[in-house]
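*Asks:* Below you'll find the structure I mean.
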Amino acid sequence: MLCILMLLSACSNATNGLTMNWRPDLELILEQFPEKEIGLSSDSQRAEHFEKQVSSILSNLNSYRSDDEVKMELFKAIASIHQLHTHIDLDDREQVLPFHFFYQEGNMYVNGVHPQYKDVMYGKLIKVQDTNIEDVMKVLEQVIAYDNVYGLQHNLPLYLLYPSVLHGLGIIDNKDEIKLTFQKKDTTIIEYAVAPVEPQNYLPQMLARRTFSFNQTNLNLNYDVQYLPSDRALYLPYRMCVEDKSYPIAAFEQNVLKTLHSNKVEKLIIDLRNNPGGASWVLDPLIDKLEEVPALTGKVFVLINQGTASSALLNAYTMKQKLQATLVGSPTQSSPNKPGEVKIFKLPESGLNISYSTREFHLVEEETDSLYPDIRVDLTITDYEEDVDRVVQTVLSLNP
Numbered sequence: 000m001l002c003i004l005m006l007l008s009a010c011s012n013a014t015n016g017l018t019m020n021w022r023p024d025l026e027l028i029l030e031q032f033p034e035k036e037i038g039l040s041s042d043s044q045r046a047e048h049f050e051k052q053v054s055s056i057l058s059n060l061n062s063y064r065s066d067d068e069v070k071m072e073l074f075k076a077i078a079s080i081h082q083l084h085t086h087i088d089l090d091d092r093e094q095v096l097p098f099h100f101f102y103q104e105g106n107m108y109v110n111g112v113h114p115q116y117k118d119v120m121y122g123k124l125i126k127v128q129d130t131n132i133e134d135v136m137k138v139l140e141q142v143i144a145y146d147n148v149y150g151l152q153h154n155l156p157l158y159l160l161y162p163s164v165l166h167g168l169g170i171i172d173n174k175d176e177i178k179l180t181f182q183k184k185d186t187t188i189i190e191y192a193v194a195p196v197e198p199q200n201y202l203p204q205m206l207a208r209r210t211f212s213f214n215q216t217n218l219n220l221n222y223d224v225q226y227l228p229s230d231r232a233l234y235l236p237y238r239m240c241v242e243d244k245s246y247p248i249a250a251f252e253q254n255v256l257k258t259l260h261s262n263k264v265e266k267l268i269i270d271l272r273n274n275p276g277g278a279s280w281v282l283d284p285l286i287d288k289l290e291e292v293p294a295l296t297g298k299v300f301v302l303i304n305q306g307t308a309s310s311a312l313l314n315a316y317t318m319k320q321k322l323q324a325t326l327v328g329s330p331t332q333s334s335p336n337k338p339g340e341v342k343i344f345k346l347p348e349s350g351l352n353i354s355y356s357t358r359e360f361h362l363v364e365e366e367t368d369s370l371y372p373d374i375r376v377d378l379t380i381t382d383y384e385e386d387v388d389r390v391v392q393t394v395l396s397l398n399p
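Note that numbering that gives the first Met the number 0 has the sequence shown beginning at 0, numbered continuously upward.
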């Protein structure tokens, strides 16, 4: 490895169109990262392939036209490890396109827009610049780290929002104005020249149906308690596996148990959809308390989807085992038999953060690429348009 670095360091430092000094970061990755990431440290062949990719970027620095291009080559190298938890974090300070997209059966629908683009709400994005959306998604796939196809489908709409990603992959030439072509609901075609915006500026103004009106209370909290008297159901949205400073987990636990014992509850619904994880132990005390309530047997339903990952997946699996919970929704983006326990590898020059896995996990004996629901319900763009959460409605419609 030392010989490789000496040879590469001898190469010319001249670059074309680069404003950032990438060499120290790339050398740091070669020196340290393969020993830290579990998928590389435990597989010499995979590590060798990864090192060749990074070495190629380093030796060809003078041929890249932009920093975005170098960054996307590095994204590709990290994504080639094929671990959901090992990826380069997207920078949430970057400007983004003022839309929210929803992937469904090969199509990229619009379920969130800035008011000036409201004409395309619930329509389809069909081109970025002059590239068909199908080809755009194929190119984006190269830079996305995922365990399974569900993780890829979940993350494609997110990566599509970043002009720096599109620019680095050669899909667009100009990050300041991007031509987007949409097919509206009435099938007419419309083009917009779209300027990216600061996330904090456009999010408050967005016309969105990313969540349902059914679940609009206390969205700023990581977890909440809602009793639905007409359905005799207790609904617990659990949005992140992190203790909320403004609502301690112990207080949440007490609220759940108090509501459970003071009302007639025929269904307990715990919603882990779009929960990216955090620390699985945060929910463990409540799960243990619920296990002590025999009346809940057969009445616990855990909602999962492509956005359920990491510790949230672990919580779902634990409730299936301890509470005999029924899983409802769509398959998770995480595999129960993939590495986790994530740490951060900071690149000092570029400021990029690489999340990486440090520990193997094998939750289930059988080979599986996802945690699959017992009752599968896949949401569609029509559900968002009609504001009907069919996953929750499916649970509520089941006979107690």
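Where is the CB? At the ideal position from N, CA and C, for every residue including glycine.
#1: For D67, is the classification buried or exposed, using 16 other Cβ atoms within 10 angstroms of its Cβ as the cut-off for buried?
#2: Pick out whichever of E104, V95, E50, D129 has its Cα sitting closest to the Cα of S163.
#3: Contact between the stretch 56 to 64 and the stretch 323 to 337: three or more CB pairs below 8 Å?
#4: With a cut-off of 8 Å on the beta carbons, I'd call N110 and I303 a contact; round off their distance for me.
#5: Flag this pair as yes or no: are the beta carbons of N274 and M239 separated by less than 8 Å?
#6: Return the first residue and the last residue of the beta strand (DSSP E) that G111 is part of.
#7: Thinking C-beta only, is F98 closer than 8 Å to Y121?
#8: Could you compute how far the alpha carbon of G150 sits from the alpha carbon of P284?
#9: Heavy atom of the ligand COA less than 7 Å from the Cβ of V292, yes or no?
#10: Quick check on this structure: which residue in A46, T18, R92, F101 has the alpha carbon closest to the alpha carbon of A76?
#11: On the DSSP bridge list, what partners appear for H260?
#12: For N59, report the span of its beta strand (DSSP E) as first-last.
#13: Classify T325 as buried or exposed, calling it buried when 16 or more other Cβ atoms lie within 10 Å of its own Cβ.
#14: Would K266 and A232 be called neighbours here (beta carbons separated by less than 8 Å)?
#15: Pick helix, strand or coil for V193, following the three-state DSSP scheme.
#16: In angstroms with no decimal places, state the Cα-to-Cα distance between P338 and M205.
#17: Could you tell me whether the Cβ atoms of V301 and A315 are closer together than 8 Å?
#18: Would you grab the beta carbon distance between I37 and E359 for me? Rounded to a whole angstrom, and I think it's under 8 Å.
#19: What separation, rounded to the nearest whole angstrom, lies between the Cα atoms of S396 and A144?
*Replies:* Let me spell this out:
#1: Locating residue 67 in the sequence shown gives position 68, counting from the first residue. With 16 or more other Cβ atoms within 10 Å, it is buried.
#2: By one-based count along the sequence shown, residue 163 stands at place 164. S163 has its Cα closest to that of V95, out of E104, V95, E50, D129.
#3: no
#4: If you number the sequence shown from 1, residue 110 lands on position 111. If you number the sequence shown from 1, residue 303 lands on position 304. Actually they do not touch by this definition, with Cβ atoms about 20 Å apart.
#5: The residue you call residue 274 lines up with position 275 of the sequence shown. The residue you call residue 239 lines up with position 240 of the sequence shown. A contact, by the Cβ cut-off of 8 Å.
#6: Locating residue 111 in the sequence shown gives position 112, counting from the first residue. Its beta strand (DSSP E) spans residues 106 to 112.
#7: Indexing the sequence shown from 1 puts residue 121 at position 122. Indexing the sequence shown from 1 puts residue 98 at position 99. Cβ atoms of Y121 and F98: not closer than 8 Å.
#8: Taking the sequence shown and counting its residues from 1, the one referred to as residue 150 is at position 151. Taking the sequence shown and counting its residues from 1, the one referred to as residue 284 is at position 285. Using only the alpha carbons, I get a separation of about 29 Å.
#9: No copy of the ligand COA appears in this structure; indeed no ligand is present at all.
#10: Position 77 of the sequence shown, counting from 1, holds the residue named residue 76. Minimum Cα distance to A76 is reached at A46.
#11: As a working note, residue 260 is residue 261 in the sequence shown. None; H260 has no bridge partner.
#12: The residue you call residue 59 lines up with position 60 of the sequence shown. Per DSSP, N59 belongs to no beta strand (DSSP E) and is neither H nor E.
#13: Numbered from 1 along the sequence shown, position 326 holds the residue referred to as residue 325. Its Cβ being crowded by 16 or more others within 10 Å, T325 is buried.
#14: Residue numbering aside, residue 266 sits at position 267 when the sequence shown is read from its first letter. Residue numbering aside, residue 232 sits at position 233 when the sequence shown is read from its first letter. In contact: K266 and A232 (Cβ atoms closer than 8 Å).
#15: The residue you call residue 193 lines up with position 194 of the sequence shown. Looking at V193 - three-state DSSP - the assignment turns out to be strand.
#16: Along the sequence shown, read from residue 1 onward, the residue named residue 338 stands at position 339. Along the sequence shown, read from residue 1 onward, the residue named residue 205 stands at position 206. Their Cα atoms are separated by approximately 36 Å.
#17: As a position in the sequence shown, residue 301 is number 302, starting the count at 1. As a position in the sequence shown, residue 315 is number 316, starting the count at 1. Result yes, Cβ atoms of V301 and A315 sit closer than 8 Å.
#18: Position 38 of the sequence shown, counting from 1, holds the residue named residue 37. Position 360 of the sequence shown, counting from 1, holds the residue named residue 359. The pair is a contact, with the Cβ atoms about 6 Å apart (cut-off 8 Å).
#19: Working through the sequence shown from its first residue, we reach residue 396 at position 397. Working through the sequence shown from its first residue, we reach residue 144 at position 145. Near 37 Å, if we compare the C-alpha coordinates of A144 and S396.
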